[in-house]
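Protein chains in written order, with the working numbering: chain F, 34 to 374; chain V, 88 to 189; chain L, 23 to 191. C-beta atoms are modelled at their ideal positions from N, C-alpha and C, and glycine is treated no differently.
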Amino acid sequence: MIDLVVIPLIKIVIVLTGVLVTVMYLVLLERKVQAWVQVRLGPMRVGPHGVLQPIADVLKLFVKEDITPVRADKWVFTLAPIIVLVPAIIAFAVIPFGDTVSIFGKPVPLRVADLNIGLLYIVAVASIGIYGIILGGWSSNSKYPLLGALRSSAQLISYEVAVTLTFVSVVLASGSLSMVDIVTAQKANGVWFAFVQPVSLFIYAVGALAETNRSPFDLPEAEQELVAGFHTEYSGMRFALFFLAEYANMIVVSAIATTLFFGGWLRPFPNVEFLRVLDIVPGWAWFVVKTFLVLYVFLWIRATLPRYRYDQLMRLGWKFLIPLAIANIIVTAAVKVVLSY
Amino acid sequence: MTPITPAHYMVLSAALFIIGVIGVMTRRNIIVILMSIELMLNAVNINLVAFSQLWQNAVGQVFVVFVVCVAAAEAAVGLGIILAFYRNKETVNIDEMSLMRW
Amino acid sequence: MGQALAFYTLAAFILGFGVLVVTARSTVHSIVFLVADFLFIAGLYVLMGAPFLAAIQVVVYAGGIVVLYLFVVMLVNLKRPPEAHQDRRRRGRLGMVVALVVLVELAAIAAYKYVSPAAGLPPVTPMGPDNVAQVGMILYTDYLIPFELASILLLVAMVGAIILARRDL
């Protein structure tokens, strides 16, 4: 009873609160990093060095007026932010934060669930998130959101194909779809998959930027373009849900990159005896550090690169990344066959 | 409660199939008709997976993969045809798609 | 016990959403109900011991095909609903006739079970743990040729859909 219900519930609560708090502070971190890159200071007023700024943001979004456009489809208008947020959060169910630790004498694996089709589950969940964007744009009954939604969702489904193909080559290298097995395979190999599959990492990085609508692929929601894209007509708490979903997506994508390519909870050089001393740092701490480094790269790229035009974006996805991903799968499979002789 | 036998799945599958048939026969919007066809295909899939589970043979599930494949191809081409037709006739009501009727 | 409860709940939702798909007034609502239907069918696949198929159902059907439908509905956005001028009563009567046929058919299935029962259909049991490996092995060994043919079919469908949807036919 305790094993079946109580422990997973506690884990879910911890993961949920962790994600929400991290999202709030990720917003602040983004503003700070952008500011520092642009030789200014960012939010400094609320709390020391702006540390309490997320609380001010949340309060503001709570008390803002919730406007629904006149001829909008009310049910779908309300449903859209929920459809975007839920997949972003339930993707955390299969991400392994660490190995099995023993708490009060009980062995507790540091993940909410270990599905044997973990990676497929993430792909499935990601493809549901697209609906929120299309339905949000359509139900606003206004042309800028509709155009933004169509562009954004076309972008998402195009890059989803490329990202899924890179998952295939990672699965080829590790031999299992389960996220825990992928980390274990990296431990057995002794090298992270970032070095075994660099092309996959590159395609995944570009695809992940496009999947989360981040620069340089943020044309559908940039303010200079389509007003604000698909969430133009949203305000107050509904907009907060869209906002939350975008940053939660960023964290999910970074966590997946950490698990698949950077060794999850393993310390650097996991098989080298000489560096045993690094084992004092617990697995989940390594995971958090690695995820934040990947997130920092996201923010860094936003501050550095200019935006892609929409047709350039689609051409990059279909004509460059997908053939490259397929070639990557063929090469990986060939290498695996050759190595097994 | 009685254990869930494949007969239960067959009843569910038959009911879903008939709902799809009702959709195809009574609705006039061609997009809803295509969606009802998808419902029928899913009903067949449920049946296949139920019997694959009964005989503990994964070939039923392989068949379902192929059915999904064909359904995807059919949906893509069907929607392409609808788009082309809509550009010419500005309608998606199948009562008005009667150009080649006698 | 838990399995029966799960089955009846999922079946109720599947059939309920199915009816809603067929009877919803707005096409976009039909599509949303269709997505929900497919998600519950994926849940049913998990119950039947086919997790790989459940994931494929969500990725391909709910996340691909229905998105395609949604795109087309948005591009075909009409001012007046397409069923404005047809005979409402005719729909009702035809629906009743078909529903009666359903009832007769389902009653026949149920009655057949008692009239001439099969050699005791065993209750369903889940398959081995590595479902993906099983399906993959069969796909790549016994059914390799249909697999390759399916890829050609998809290529043909893709080319066809692109050509059909072009502006300058």
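Counting the other CB atoms within 10 Å of its CB gives E266 (chain F) a total of 16 or more, which places it among the buried residues. The Cβ-Cβ distance between L293 (chain F) and F228 (chain F) does not fall below 8 Å.
In the DSSP assignment, P142 (chain F) falls outside any alpha helix (DSSP H) and lies within the beta strand (DSSP E) extending over 139 to 142.
Across the stretch 111 to 139 of chain V, CB contacts with chain L closer than 8 Å involve M112, T113, R114, R115, N116, I118, V119, L121, M122, S123, E125, L126, N129, N132, I133, V136, A137, S139, in sequence order along the chain.
Sequence-ordered contacts of the stretch 59 to 81 of chain L with chain F read P73, F74, A77, V80, V81 [C-beta pairs closer than 7 Å].
A residue is called buried once 16 or more other Cβ atoms fall within 10 Å of its Cβ, and V322 (chain F), having fewer, is exposed. Short of 6 Å from the beta carbon of R271 (chain F), and not among the five residues preceding or following it, lie these beta carbons of its own chain, in chain order: P114. At least one C-beta of chain V is nearer than 8 Å to the C-beta of V44 (chain L).
The beta carbons of E98 (chain F) and L332 (chain F) sit no closer together than 8 Å.
Nearest CB-CB separation between E170 (chain L) and chain V: not below the 8 Å threshold.
Following the DSSP letters along the chain, one finds I289 (chain F) in no beta strand (DSSP E) but inside the alpha helix (DSSP H) bounded by residues 270 to 294. From the beta-carbon of M159 (chain L), no residue of chain F is found nearer than 8 Å; the closest lies around 14 Å away.
For M97 (chain V), the closest Cβ of chain L is nearer than 8 Å.
For the 8 Å CB-CB criterion, A121 (chain F) and V239 (chain F) do not form a contact. Under DSSP, the beta-bridge partners assigned to N116 (chain V) are V:N180. Put simply, of F:A126, F:G297, F:R78, F:V56 the residue whose alpha carbon is nearest the alpha carbon of D132 (chain F) is F:G297. Contact between V89 (chain L) and L210 (chain F) does not hold, since their C-beta atoms are separated by about 23 Å, which reaches or exceeds 8 Å. With contacts defined as CB atoms closer than 8 Å, V164 (chain V) and T49 (chain L) fail to qualify as a contacting pair. G85 (chain L) does not reach chain V, its nearest Cβ partner there being about 11 Å away, counting only Cβ pairs nearer than 9 Å. A residue is called buried when at least 16 other Cβ atoms come within 10 angstroms of its Cβ; S185 (chain V) does not meet this threshold and is exposed. Between the alpha carbons of W142 (chain V) and V152 (chain V) lies a distance of about 18 Å.
If you draw a straight line from the Cα of Q67 (chain F) to the Cα of L53 (chain F), it is about 21 Å long.
A Cβ-Cβ contact shorter than 8 Å links R340 (chain F) with L252 (chain F). Secondary structure note for I136 (chain F): its beta strand (DSSP E) is the uninterrupted segment 133 to 136. Contact between A77 (chain L) and I150 (chain F) holds: their C-beta atoms lie close to 6 Å from each other, under 8 Å. Within the same chain, L61, P76, V79 come within 6 Å of Q86 (chain F) by CB-CB distance, once the 5 residues on both sides are set aside. Closest in C-alpha terms to Y134 (chain L), from the list V:Q148, V:A94, V:T89, comes V:A94. Shortest Cα-Cα distance from P41 (chain F) to any of F:P102, F:F125, F:I289, F:V158 involves F:F125. Of all residues in the stretch 145 to 168 of chain V, only A145, V146, Q148, V149, V151, V152, F153, V155, C156, V157, A158, A159, A160, E161, A162, A163, V164, L166, G167, I168 place a beta-carbon less than 8 Å from a beta-carbon of chain L.
Straight-line measurement puts the Cα of A179 (chain L) at about 23 Å from the Cα of I181 (chain V). For K97 (chain F), there is no enclosing alpha helix (DSSP H), as DSSP gives it neither H nor E. Residue contact with chain L for L103 (chain V): present (Cβ-Cβ distance below 8 Å to some residue of chain L). The three-state secondary structure of T101 (chain F), taken from DSSP, is coil.
Its chain contains S100, L103, F104 as the residues whose beta carbon lies nearer than 6 Å to that of A130 (chain V), once the 5 sequence neighbours on both sides are disregarded; these appear in chain order. If you draw a straight line from the Cα of A158 (chain V) to the Cα of E125 (chain V), it is about 7 Å long.
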